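A short worksheet on the structure shown next.
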Amino acid sequence: MTLNNINNILVIKFKHIGDVLVTTPLFRNLRIHFPDARICASVIHNTVEMLSDNPDIDAIFPVNRRSGLWTQLRLIGELRRNRFDLVIDLSEGDRGAIVAFLTGSPCRLGYRRRRSKFMGRDLLFTDLMSSVDNDKHAVRYHLEPLRALGLPVKTEKMRLQWTDAVEEKVDRLLRERGLKEQPFVVVHPTSRWLFKSWTPEGNSAVIDFLRERCRLPVVVTCSDDPNELAVVKSIMHGVRVPVVDLAGQLTLKELASLIRKAVLFFGVDTAPMHIAAAVGTPVVALFGPSGDHMWGPWGHSHVVVSQPWDCRPCGRAGCNDSGSSRCLETIRAETVIDALSAKLRDLGFTPS
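Position 323 (the sequence shown) corresponds to 323 in full-length UniProt numbering; numbering is contiguous.
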């Protein structure tokens, strides 16, 4: 592949919120290597916040998987009219490969077929990269296009931006709750996939520990999904201490602003954990069936708590796809509190 006359670039990532956030170092590197190029992204519509306001990205083309055929054809037409010189597909599925092909770009770079049942998938690209390497963190895995293009990696730092209006709203929320001038911890106990969530009893014990023994206010967050809200309600019933409950009340950008102001983030393998790593807030995260080597919080200041079981990470939706993960549920509250205590001491907060 020649890099001459690369002036218009499209990066495709049809995956979830955290998966999109970990691609931001690629955009930063593309901007460094192609400072005058137009760099665009095409992502699922509910992940756009991970890339909006990012100065490395000139335009975003959102895709709604549930939209009708006419809407999707209109998107393809719009992408073709942009006449991209280079299209990079970071998705492993067939949809991204097909969209990359239909753009008509003369240079189409994608991962080699691994799980797809579509035998001709690789033929949709002009150049191929190695498929998933589970020994490599997702941030580095998504920098593989640079190596395929013969370009050096200049930075591995994630980037998440938001507006002054978002910052002002979060400042106001904290001020109204008496937290503007004091340290606090964000506890985000849920994931959209509940098999990645710890027990309500364990979370309640952690919140009591943070408030009673560390004298740190706790802000609890989750998405507005009814299942996640139900989990948080159960946790709240088990706590002995006052908690600032912002569950289901924040956008992703507002959550990012809140997390950046916190002294610590506690949670599970979920997009807000990656947000915490991106904004530089120390993380203590619990991992069960998913692999922390590839999907753990990016950076060196974080702590992962998991069970040393031979069966993990299995990458399944709970044990035998049951929706229940024993490797996560059996983590003892005392083990988690010990990890939190050690991290908080590093940060200058000594539990009583």
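For each residue, glycine too, the CB sits at the ideal point set by N, CA and C. Owing to the predicted nature of the structure, the values given are computational and were not obtained by experimental measurement.
Beta bridge counterpart(s) of residue i as assigned by DSSP
| i | result |
| --- | --- |
| S42 | I12, F61 |
| G267 | H188, A285 |
| D245 | V220 |
| D127 | L109 |
| V20 | BP columns for V20 are empty, so no partner. |
Residue i, DSSP secondary structure in three states
| i | result |
| --- | --- |
| I88 | strand |
| V303 | strand |
| P272 | helix |
| D225 | coil |
| A256 | helix |
| F118 | coil |
| R326 | helix |
| M236 | helix |
| R177 | coil |
| K157 | coil |
| C319 | helix |
When the options are compared against residue i, the one with the closest alpha-carbon
| i | options | result |
| --- | --- | --- |
| N7 | P35, F265, V170, R159 | P35 |
| I275 | L124, L160, P152 | L160 |
| P189 | A230, N64, L90, V87 | A230 |
| R28 | H300, V20, I57 | I57 |
| D224 | H33, L250, H237 | L250 |
| S130 | R112, H142, V139 | R112 |
| D292 | R240, D135, R211 | D135 |
| L26 | K253, Q307, F266, E144 | E144 |
| R192 | R83, R345, A317 | A317 |
| S257 | C107, H33, D171, P308 | D171 |
| R260 | V185, V232, S204 | V185 |
| P62 | K15, P183, A205, N227 | K15 |
| M294 | K13, D19, L10, G93 | D19 |
| T221 | I235, F195, H33, R213 | I235 |
| V43 | D245, A37, E254, Q72 | Q72 |
| F195 | N227, R175, V219 | N227 |
| I12 | H33, W309, A59, I32 | A59 |
| K253 | H142, D94, V279, V232 | V279 |
Residue i versus residue j: straight-line alpha-carbon distance, rounded
| i | j | result |
| --- | --- | --- |
| G288 | D208 | 23 angstroms |
| G96 | I17 | 16 angstroms |
| P351 | R215 | 8 angstroms |
| A285 | R81 | 44 angstroms |
| T155 | D85 | 24 angstroms |
| W198 | N5 | 51 angstroms |
| G296 | P282 | 12 angstroms |
| L264 | L123 | 46 angstroms |
| P272 | N64 | 22 angstroms |
| L347 | D127 | 46 angstroms |
| C40 | L51 | 10 angstroms |
| V336 | F266 | 10 angstroms |
| K169 | G77 | 38 angstroms |
| W70 | L79 | 14 angstroms |
| G315 | S324 | 13 angstroms |
| L149 | G104 | 19 angstroms |
| S306 | T270 | 15 angstroms |
| residue 353 | W298 | The structure shown has nothing for residue 353, since the chain only spans 1 to 352. |
| R66 | T47 | 15 angstroms |
| G248 | L30 | 35 angstroms |
| I88 | P183 | 42 angstroms |
| L21 | M158 | 7 angstroms |
| V166 | S322 | 39 angstroms |
| R240 | V303 | 26 angstroms |
| P152 | L146 | 7 angstroms |
Assigned exposure category for residue i - 16 Cβ within 10 Å defines buried
| i | result |
| --- | --- |
| C311 | exposed |
| F118 | exposed |
| W162 | buried |
| L3 | exposed |
| L340 | buried |
| R332 | exposed |
| A100 | buried |
| P200 | buried |
| E49 | buried |
| D164 | exposed |
| S290 | buried |
| S301 | exposed |
| T23 | buried |
| D338 | exposed |
| G68 | exposed |
| N54 | buried |
| G202 | buried |
Contact with chain B by residue i, beta-carbon distance below 8 angstroms
| i | result |
| --- | --- |
| F349 | Among the chains in the structure shown there is no chain B, since it carries only a single protein chain. |
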